[in-house]
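Participant: Mind looking over this structure? Questions follow.
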Amino acid sequence: MNRIGLTLLVFFANFLPILAQKNLLLKLMKSQPDAFQALLDQPDEYDIQIIYTQIDRDENNFPHFRQHSFQLDKNSYYYPASTVKMPTAFLALEKLNQLKISGLDKNSVMKTEAGPPPQTAAETDSTAANGLPSVAQYVKKIFLVSDNDAYNRLYEFLGQQSLNQRLWRKGYEDLRIVHRLSVSGFDAAANRLTNPVGFFKNEKMLYYQGEVNSLADTHFTLKKTQRGKGYYDGDSLVNRPFDFSEKNYVSLQCFHDMLQAVMFPEAVSPVRRFDLSEDDYRFLYQVMSERPRESRFPRYNKEPDHYGKFFIYGANADSVRMPPNVRIFNKVGWAYGFLTDVSYIVDFEAGVEFFLAATIHVNADGVYNDDHYEYETVGLPFFSHLGQVVYDFEKKRKRKHKPDLSKFVVENYD
0 MNRIGLTLLV FFANFLPILA QKNLLLKLMK SQPDAFQALL DQPDEYDIQI
50 IYTQIDRDEN NFPHFRQHSF QLDKNSYYYP ASTVKMPTAF LALEKLNQLK
100 ISGLDKNSVM KTEAGPPPQT AAETDSTAAN GLPSVAQYVK KIFLVSDNDA
150 YNRLYEFLGQ QSLNQRLWRK GYEDLRIVHR LSVSGFDAAA NRLTNPVGFF
200 KNEKMLYYQG EVNSLADTHF TLKKTQRGKG YYDGDSLVNR PFDFSEKNYV
250 SLQCFHDMLQ AVMFPEAVSP VRRFDLSEDD YRFLYQVMSE RPRESRFPRY
300 NKEPDHYGKF FIYGANADSV RMPPNVRIFN KVGWAYGFLT DVSYIVDFEA
350 GVEFFLAATI HVNADGVYND DHYEYETVGL PFFSHLGQVV YDFEKKRKRK
400 HKPDLSKFVV ENYD
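According to numbering that gives the first Met the number 0, the sequence shown holds residues 0 to 413 in order.
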């Protein structure tokens, strides 16, 4: 073999494995054409973005990550919906720690006052064991059933400016979280103004925060903020694109990286970590992976195991129970035809672990606020199939060291 032939042989021997890894997600989806080909044939219709991160442990059980992506674009807008509740919950726990007030923690009674309308007060919580609101109870409801009021109260505790600037300072720059969810009457100015909040122990006030007005500049330019051909405003159809330019936004990469920082703080840069205690981490690992039926306060009797778990199980019948060896630590969001799931998935028996994050847009008629979105027929099946094909691949993938996953085992859900 001449020198040129040898050089080409060496090049392809080194290049082809890299190319195969680069296209891994596409390869996995193409291996299941019945599930994915129709979506792959219409990339502009569905705006799919995916991140899949493999985790390999060394001899000391330290994690090393290899990220794969598909159509990832931090500058292309999608509506994150309830997924914004995840970083809000992380920051609320962090803020309590950084206040450094004796006796103040996530279980302290949190009472929210009402400033000018349309603000409302929250001084009780019938879902809590003691009937009183707390950051812990709000965080639990956020991850168990994606409670909107729970998010709104933590948004108010953090304040819009602090919420965004804390995340930006950690290096999560491709985001803006600028409004409450599913409450009427709040325009941009009203969402900048957040309620007074007080924390108590045995009726003694531990901390009080008055009204806060955000001065943060949260504007930045993204592609695809003008969507569709029309939208409903009440009962009236408006025949122009729906404007998302002032809505919440967090890039999929930011979501993935924030979850990674909570699941593996030891493996990310200190500046990107959240200031959480060991008890906070244990609490988050519980509520992020808990099935609704495992909770006593609040008690959920109707929500199935896969409520809020899109990957692998999202398209299952309501009666299906997730196996005990599989836990999904995640947060989902869906609204306006957008579905998003950001997950760390573990199979304790198989010794499998990986991150998977994805978003898809399903709005075939191009009209918003008409409740005609293909969630059940296109969106959730996409997540189920994607989760399953990656999970099956992970179960076959060889690892030099089997991971010790005991850190993520929660013995007693409540």
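Cβ atoms here follow ideal geometry from the backbone N, Cα and C, with glycine treated the same way. Treat the numbers as computed from the prediction; the structure is a model and nothing was measured.
Tell me the DSSP secondary structure of Ser161 in three-state form.
Facilitator: Looking at Ser161 - three-state DSSP - the assignment turns out to be helix.
Participant: I need the straight-line Cα distance from Thr52 to Lys200, nearest angstrom please.
Facilitator: In a straight line, the C-alpha of Thr52 is about 43 Å away from that of Lys200.
Participant: Which runs of the beta strand (DSSP E), 3 residues or longer, sit entirely within the segment 86–115?
Facilitator: Here the runs fully enclosed are 108–111.
Participant: Could you check whether Phe382 and Pro62 sit closer than 8 Å to each other, using their CB atoms as the reference points?
Facilitator: Going by C-beta atoms, Pro62 is not nearer than 8 Å to Phe382.
Participant: Shortest alpha-carbon distance to Arg152 belongs to which of Arg179, Pro42 and Ala128?
Facilitator: Nearest option by C-alpha distance: Arg179.
Participant: Could you pull the DSSP bridge partners for Arg398 from this structure?
Facilitator: Answer is none; Arg398 lacks a bridge partner.
Participant: Would Val377 be called buried (16 or more neighbouring beta carbons within 10 Å of its own) or exposed?
Facilitator: Val377 is buried by the Cβ-count criterion.
Participant: Counting only the same chain and skipping the five closest in sequence on each side, list residues whose C-beta sits under 7 Å from that of Gln225.
Facilitator: Around Gln225: Pro240 and Asp242.
Participant: In the DSSP output, what is Ile50 paired with across the bridge?
Facilitator: BP columns for Ile50 point to Ser68 and Ala356.
Participant: Figure out for me which residue from Lys203, Val388 and His400 has the closest Cα to the Cα of Glu23.
Facilitator: The amino acid at residue 23 is misidentified as Glu; the sequence shows Leu. Comparing Cα positions, the closest option is Val388.
Participant: Between Phe309 and Asp279, how many whole angstroms is the CB-CB distance? I'm expecting something under 8 Å.
Facilitator: Not a contact, Cβ separation roughly 25 Å.
Participant: Give me, in chain order, the residues of the same chain whose beta-carbon lies closer than 6 Å to that of Gly386; leave out the 5 immediate sequence neighbours on both sides.
Facilitator: The residues are Phe310 and Ile311.
Participant: Out of Asp104, Lys395, Ala357 and Arg298, point me to the one whose CA is closest to Ala127's CA.
Facilitator: Closest by alpha carbon: Arg298.
Participant: Taking the alpha-carbon positions, what's the Val9 to Arg396 distance?
Facilitator: Residue placement at Val9 is flagged as unreliable, the pLDDT there being 39, under the threshold of 50; the coordinate-derived value follows with that caveat. Each residue's Cα considered, the two are about 25 Å apart.
Participant: Answer yes or no: do Thr123 and Pro115 have a C-beta to C-beta separation smaller than 8 Å?
Facilitator: Cβ atoms of Thr123 and Pro115: not closer than 8 Å.
Participant: Taking all protein chains shown into account, do 16 or more other C-beta atoms lie within 10 angstroms of the C-beta of Asp33, making it buried, or fewer, making it exposed?
Facilitator: Exposed is the call here.
Participant: Is DSSP giving Phe282 helix, strand or coil here?
Facilitator: Phe282: helix per DSSP, three-state reduction.
Participant: Have a look at Asp304 and Arg292 and give me their C-alpha separation to the nearest angstrom.
Facilitator: Each residue's alpha carbon lies about 7 Å from the other.
Participant: Leu338 bridges to which residues according to DSSP?
Facilitator: In the DSSP output, where bridge partners are listed per residue, Leu338 has Trp333 and Ile359.
Participant: Buried or exposed: Ala135, going by 16 or more other Cβ atoms within 10 Å of its Cβ?
Facilitator: That one is buried.
Participant: Take Leu258 as the anchor and find which of Asn74, Phe89 and Ser81 has the nearest alpha-carbon.
Facilitator: Ranking Asn74, Phe89 and Ser81 by Cα distance to Leu258 puts Phe89 first.
Participant: Any idea which residues DSSP pairs Val237 with across the strands?
Facilitator: The partner list for Val237 (beta bridge, DSSP) reads Tyr230.
Participant: Closer than 7 Å by C-beta to Tyr306: which residues in its own chain qualify, once you throw out the five before and the five after it? Chain order, please.
Facilitator: Excluding positions up to five away in sequence, the list reads Val144 and Pro291.
Participant: Just to confirm before moving on: does the CB-CB distance between His255 and Asp46 stay below 8 Å?
Facilitator: Not a contact, by the Cβ cut-off of 8 Å.
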